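Student:
2 protein chains.
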Amino acid sequence: MGLDDRKLDVLRAIVEDYVSTQEPVGSKALVERHQLGVSPATVRNDMAVLEEEGYIRQPHTSAGRVPTDRGYRLFVDRLSRVKPLTPAERRAIERFLVGAVDLDDVVHRTVRLLAQLTRQVAVVQYPSLARSSVRHLELVPISTTRLMFVMIADTGRVEQRLVEMPAPLLADDVTDLRRLINEKLVGSRLSDTPPLVQALVDEVTPDLRPAMATLATVLLETLVERHEERIALAGTANLTRGGLLDFQGSLRPILEALEEEVILLKLFGEVEPSTLRIRIGDENEIDNLRATSVVSTGYGTGSNILGGLGVLGPTRMDYPGTIATVRAVARYVGDLLAQN
Amino acid sequence: MGLDDRKLDVLRAIVEDYVSTQEPVGSKALVERHQLGVSPATVRNDMAVLEEEGYIRQPHTSAGRVPTDRGYRLFVDRLSRVKPLTPAERRAIERFLVGAVDLDDVVHRTVRLLAQLTRQVAVVQYPSLARSSVRHLELVPISTTRLMFVMIADTGRVEQRLVEMPAPLLADDVTDLRRLINEKLVGSRLSDTPPLVQALVDEVTPDLRPAMATLATVLLETLVERHEERIALAGTANLTRGGLLDFQGSLRPILEALEEEVILLKLFGEVEPSTLRIRIGDENEIDNLRATSVVSTGYGTGSNILGGLGVLGPTRMDYPGTIATVRAVARYVGDLLAQN
DNA sequence: ACTGGCACTCGTTACAGTCGAGTGCCAGAC
DNA sequence: GTCTGGCACTCGACTGTAACGAGTGCCAGT
Chain P
1 MGLDDRKLDV LRAIVEDYVS TQEPVGSKAL VERHQLGVSP ATVRNDMAVL EEEGYIRQPH
61 TSAGRVPTDR GYRLFVDRLS RVKPLTPAER RAIERFLVGA VDLDDVVHRT VRLLAQLTRQ
121 VAVVQYPSLA RSSVRHLELV PISTTRLMFV MIADTGRVEQ RLVEMPAPLL ADDVTDLRRL
181 INEKLVGSRL SDTPPLVQAL VDEVTPDLRP AMATLATVLL ETLVERHEER IALAGTANLT
241 RGGLLDFQGS LRPILEALEE EVILLKLFGE VEPSTLRIRI GDENEIDNLR ATSVVSTGYG
301 TGSNILGGLG VLGPTRMDYP GTIATVRAVA RYVGDLLAQN
Chain W
341 MGLDDRKLDV LRAIVEDYVS TQEPVGSKAL VERHQLGVSP ATVRNDMAVL EEEGYIRQPH
401 TSAGRVPTDR GYRLFVDRLS RVKPLTPAER RAIERFLVGA VDLDDVVHRT VRLLAQLTRQ
461 VAVVQYPSLA RSSVRHLELV PISTTRLMFV MIADTGRVEQ RLVEMPAPLL ADDVTDLRRL
521 INEKLVGSRL SDTPPLVQAL VDEVTPDLRP AMATLATVLL ETLVERHEER IALAGTANLT
581 RGGLLDFQGS LRPILEALEE EVILLKLFGE VEPSTLRIRI GDENEIDNLR ATSVVSTGYG
641 TGSNILGGLG VLGPTRMDYP GTIATVRAVA RYVGDLLAQN
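Respectively, the protein sequence lines represent chains P and W.
Under this note's numbering, the first residue of the first sequence is numbered 1, with each subsequent residue one higher.
Under this note's numbering, the first residue of the second sequence is numbered 341, with each subsequent residue one higher.
1. Does the Cβ of Arg681 of chain W have 16 or more other Cβ atoms within 10 Å, making it buried, or fewer, making it exposed?
2. For Ala668 of chain W, which option in W:Met657, W:Ile645, W:Tyr639 has the closest C-alpha, if you only look at C-alpha atoms?
3. Please confirm if the region 18-37 of chain P is in contact with the region 81-100 of chain P, defined as three or more CB-CB distances below 8 angstroms between the two stretches.
4. Nearest-angstrom Cα distance between Gln697 of chain W and Ser379 of chain W?
5. Using the rule of at least 16 other Cβ atoms within 10 Å of the residue's Cβ for burial, across every protein chain shown, is Gly642 of chain W buried or exposed?
6. Please classify Phe608 of chain W: does DSSP put it in a helix, a strand, or coil?
7. From this set, W:Thr485, W:Thr655, W:Arg497, which residue's C-alpha is nearest Ser472 of chain W's C-alpha?
8. Do we get a CB-CB distance below 8 angstroms when we pair Val480 of chain W with the residues of chain P?
9. Got a sec: is the Cβ-Cβ distance from Ala100 of chain P to anything in chain W below 8 angstroms?
10. If you reduce the DSSP assignment to three classes, tell me which class Gln456 of chain W lands in.
11. May I ask you to list, following chain order, the residues of the region 151-171 of chain P that have a beta carbon less than 7 angstroms from some beta carbon of chain W?
12. Mark Gly54 of chain P as exposed unless 16 or more other C-beta atoms lie within 10 angstroms of its C-beta, in which case mark it buried.
13. Can you grab the Cα-Cα spacing for the pair Arg352 of chain W / Ser590 of chain W, in whole Å?
14. Going by CA-CA distance only, name the one from P:Asp176, P:Glu221, P:Ser191, P:Thr222 that's closest to Pro206 of chain P.
15. Classify Tyr639 of chain W as helix, strand or coil using the three-state DSSP reduction.
16. Grouping DSSP H, G and I as helix and E and B as strand, with all else coil, what is Gly308 of chain P?
17. Kindly provide the ranges of any alpha helix (DSSP H) runs that are 4 or more residues long and lie completely inside the region 75-109 of chain P, ordered along the chain.
18. Which ranges does the alpha helix (DSSP H) cover as unbroken runs of at least 4 residues, wholly within the region 109-184 of chain P, from first to last along the chain?
19. Can you give me the start and stop residues for the beta strand (DSSP E) that Arg277 of chain P sits inside?
20. Chain W partners of Ala234 of chain P, CB-CB under 7 angstroms?
21. Pick from P:Ala330, P:Leu185, P:Gly310: whose alpha carbon is nearest that of Val123 of chain P?
22. Using 10 angstroms around the beta-carbon of Ser81 of chain P, count the other beta-carbons present and answer buried if the total reaches 16, otherwise exposed.
23. Provide the residue(s) that pair with Pro654 of chain W in DSSP beta bridges, ordered along the chain.
24. Excluding sequence positions up to five away, which residues of its chain have a Cβ less than 8 angstroms from the Cβ of Ile280 of chain P?
25. Does the region 187-196 of chain P come within contact of the region 136-144 of chain P, defined as at least 3 CB pairs closer than 8 angstroms?
26. Determine, using beta carbons only, whether Ser402 of chain W comes closer than 8 angstroms to chain P.
27. Between Thr485 of chain W and chain P, is the shortest Cβ-Cβ distance under 8 angstroms, so that the two count as touching?
28. Using 8 angstroms as the threshold, is the region 488-502 of chain W in touch with the region 536-553 of chain W, meaning 3 or more CB pairs across them?
29. So, does the CB of Ala470 of chain W fall closer than 8 angstroms to a CB anywhere in chain P?
30. Give the secondary structure of Pro194 of chain P by DSSP, where H, G and I count as helix, E and B as strand, and everything else as coil.
31. So what does DSSP say about Ile626 of chain W, is it helix, strand or coil?
32. Any beta carbon of chain W sitting closer than 8 angstroms to that of Ser250 of chain P?
33. Kindly list the residues whose CB is nearer than 6 angstroms to the CB of Val544 of chain W, restricted to its own chain and excluding five residues on each side of it in sequence; keep chain order.
34. Please list the terminal residues of the continuous beta strand (DSSP E) segment that includes Leu233 of chain P.
35. Report all residues from its chain with a CB closer than 6 angstroms to the CB of Leu443 of chain W; omit the five preceding and five following residues, and keep chain order.
36. Using a 10 Å radius around the Cβ and a threshold of 16 neighbouring Cβ atoms, would you call Glu259 of chain P buried or exposed?
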């Protein structure tokens with residue numbers, strides 16, 4: 001299959017024009033707007049080949065061409081160059097963090113920044129507990145049989161949980177439990193804690209064993225199970241840009257998908273170190289998102305990856321710009337979190 | 341202005357029909373679907389009066405009538421009866437809370453429940469800190485000059501904040517500070533703390549005074565300022581029901597408004613005890629929400645109001661059903677929080 | 001291998017005509 | 001005085017036709 005350089009140029013031009021105008025692009029308009037050095041007729045021949053190969057298609061017989069998911073994929077993989085951030089964007093990113101007082105604040109600012117810069121729906125996963133380590137564990141007596149258990153992770157994330165104890169506890173007991181738990185668990189990665197937690201039960205004096213067993217259960221539930229993954233979302237209003245031309249007319253399935261934390265976690269939480277991942281249209285496993293593209297990446301301190309973030313938008317999106325922004329924001333957030 | 345009983349019946353019938361069919365309702369259809377005991381012609385005369393008074397209007401000359409905001413207002417105030425919950429709804433509400441492990445969980449379940457039952461956008465404010473009281477304050481040393489400060493409220497809400505200390509602290513210093521702060525503040529309502537916090541600085545030994553002053557500042561910031569109000573949202577996908585016929589075609593302004601915490605707080609956070617408030621269309625002060633109605637109420641334990649919750653939807657909504665659901669959910673959440 | 005020319009397709013727009021739901025009004029009945 | 005049946009009228013929704021034009025595919029010529 002002959003996809004020579006010019007055909008690739010044509011595809012690139014089609015993608016760029018369609019992304020910016022939102023309208024099917026014809027051969028004549030193409031040669032006018034790009035210096036291709038050939039006539040419309042030649043471009044038409046190239047287009048016919050590109051269509052045969054499945055990179056573009058015609059919405060109607062008498063309309064211009066539109067990239068297919070496959071076309072976007074080729075564009076992203078081989079035809080686009082990184083678009084450097086504008087100074088304004090750079091400044092916006094640098095400025096967004098001044099005055100961020102805590103983790104919540106950082107995450108919220110980040111997600112809004114991403115939404116604003118890319119003009120798309122932005123998603124930021126809170127630093128995953130599984131990938132953090134324990135900085136401190138606190139037990140606060142609420143009543144003799146109730147404890148509030150608070151965990152502080154090195155990322156600044158705090159989780160708490162009310163625990164019902166099997167038998168009344170004395171203040172000294174609580175102190176003992178607290179000391180023991182902290183001794184054994186502080187500093188270890190949460191994903192490594194299960195064996196440590198198990199071992200805790202044996203470390204303790206027999207009379208405290210039931211209490212510690214209860215605590216251990218709750219610890220495992222809170223620290224290890226998926227429940228504690230949190231996610232922030234912003235920019236849903238951006239879905240309405242392009243007046244429903246994207247998304248074949250219905251925002252419904254997309255809004256529904258965005259409300260499912262499980263789905264968001266699947267999209268933005270499963271990241272490999274320093275890899276930026278792009279899912280275009282049909283490449284999405286989520287049926288509701290077949291009309292969208294997702295750009296996601298991990299962020300973290302150095303090689304240690306903490307969580308994922310990214311954006312979701314129409315397949316017709318400015319990939320080079322979006323990619324650059326997502327990368328830059330991820331790097332900044334990572335640096336910021338490394339500071340504390 | 342003569343609005344006799346029959347005219348009111350006609351208005352009620354119009355509202356009910358329009359809400360359920362989503363289409364302008366004409367005189368003939370009205371007498372067929374409701375036992376009004378009069379002819380279409382009579383109804384038409386009544387309609388003319390209702391229109392003159394501004395309760396209904398005609399989208400086009402040859403179309404049926406549609407209630408105006410004013411018409412809905414009259415309907416809500418004087419024409420609708422409370423619609424009892426269905427057993428299924430009752431069961432759903434009772435079931436939603438089983439297994440709620442912490443405050444986050446309660447709030448999330450509540451907001452999803454509300455969205456599901458009313459089929460609208462649901463909003464739940466976390467128990468307001470200003471209206472809670474302090475259960476415990478914890479200081480966790482991160483380094484010699486950094487503390488993590490954690491506050492646990494009686495509602496189960498937990499707030500944390502990283503504090504940079506002006507000078508290194510010893511472990512004993514931290515213990516002292518912790519004890520003192522807890523002694524003075526535990527049990528008091530957050531809105532009452534500012535003078536207490538001020539007094540703290542004087543209670544402490546001179547060498548700890550700078551440290552305490554720093555802490556006091558952070559305490560005030562964290563506890564008293566608006567920043568700490570949190571809000572949960574669900575059901576935005578419900579905005580797309582009725583295929584953009586509501587909302588004059590654009591979800592944009594509504595989605596934008598829903599992203600502004602400030603706006604949501606204004607709508608759902610300013611509640612008076614056990615009052616259910618309804619804002620219909622133009623009655624909203626937020627321009628972006630002129631095409632929507634908001635039903636909000638407070639929830640709390642007994643007379644002590646903790647926060648607000650409610651729903652937002654098209655002015656064309658099932659007011660009696662929505663009101664009943666919002667009330668019921670608020671009561672349940674209040675009871676649930678009272679238990680802990 | 002590229003180009004100019006040409007016939008063809010088909011969606012878009014405009015316009016005219018019909019249909020019918022719904023109205024307002026009025027004269028007459030109760 | 002209030003309600004009703006009847007009737008003319010309005011106007012949006014829908015249908016069909018025609019003209020338009022952007023864009024294409026193909027082919028012969030350079």
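Idealized CB from N, CA, C, for every residue including glycine.
None of these values were measured; they are calculated from a predicted model.
Tutor: Reading off the structure:
1. Limits of chain W in this structure are 341 at one end and 680 at the other, which puts residue 681 of chain W out of reach.
2. Residue nearest to Ala668 of chain W within the set W:Met657, W:Ile645, W:Tyr639 is W:Tyr639 (criterion: CA-CA distance).
3. With a cut-off of 8 angstroms, the region 81-100 of chain P and the region 18-37 of chain P do not count as touching, because too few Cβ pairs lie within range.
4. Given that chain W is displayed from residue 341 to residue 680, the structure contains no residue 697 of chain W and the question cannot be resolved.
5. With fewer than 16 other Cβ atoms within 10 Å, it is exposed.
6. For Phe608 of chain W, the secondary structure class from DSSP, reduced to helix, strand or coil, is helix.
7. Here the closest residue by C-alpha is W:Arg497.
8. Output row for Val480 of chain W: interface = yes.
9. Using a Cβ-Cβ cut-off of 8 angstroms, Ala100 of chain P does not count as an interface residue toward chain W, since no Cβ of chain W sits closer than that to its own.
10. Three-state DSSP puts Gln456 of chain W in a helix.
11. Under the 7 angstroms Cβ criterion, the region 151-171 of chain P contributes Ile152, Gly156, Val158, Gln160, Arg161, Leu162.
12. Result: exposed.
13. Rounded to whole angstroms, Arg352 of chain W and Ser590 of chain W show a C-alpha spacing of 28 angstroms.
14. Among P:Asp176, P:Glu221, P:Ser191, P:Thr222, the Cα nearest to that of Pro206 of chain P is on P:Asp176.
15. It is a strand residue.
16. Shown here, Gly308 of chain P sits in a strand according to DSSP, grouped into three states.
17. Within the region 75-109 of chain P, the complete alpha helix (DSSP H) runs of at least 4 residues fall at 87-95.
18. Those alpha helix (DSSP H) runs which fall completely within the region 109-184 of chain P and span 4+ residues do not exist here.
19. DSSP places Arg277 of chain P in the uninterrupted beta strand (DSSP E) bounded by 276-280.
20. Result: Glu599.
21. Selection P:Ala330, P:Leu185, P:Gly310 evaluated against Val123 of chain P yields P:Gly310 as nearest (Cα-Cα).
22. Correcting the residue identity first, residue 81 of chain P is Arg in this sequence and not Ser. By the neighbour-count criterion, in which 16 or more other beta carbons inside 10 Å mark a residue as buried, Arg81 of chain P falls on the exposed side.
23. DSSP lists W:Thr632 as partners of Pro654 of chain W.
24. Taken in chain order, the residues that qualify are Asp69, Tyr72, Arg73, Val76, Ser293, Thr315.
25. Look at the beta carbons and you see the region 187-196 of chain P not touching the region 136-144 of chain P: under three pairs across the two are nearer than 8 angstroms.
26. Answer no: the Cβ-Cβ gap between Ser402 of chain W and chain P never drops below 8 angstroms.
27. No - not a single Cβ of chain P is within 8 angstroms of the one on Thr485 of chain W.
28. Under the 8 angstroms Cβ criterion, the region 488-502 of chain W does not count as touching the region 536-553 of chain W, having fewer than three qualifying pairs.
29. Taking 8 angstroms as the CB threshold, Ala470 of chain W stays off the interface with chain P.
30. Helix at Pro194 of chain P.
31. Coil.
32. So, interface residue.
33. Leaving aside the five residues that flank Val544 of chain W on each side, the residues in its chain whose CB is nearer than 6 angstroms to its CB run, in chain order, Met552.
34. Start and end: 231-234.
35. Once the five neighbours on either side are set aside, the close Cβ partners of Leu443 of chain W are Gly496, Arg497.
36. Glu259 of chain P is buried by the Cβ-count criterion.
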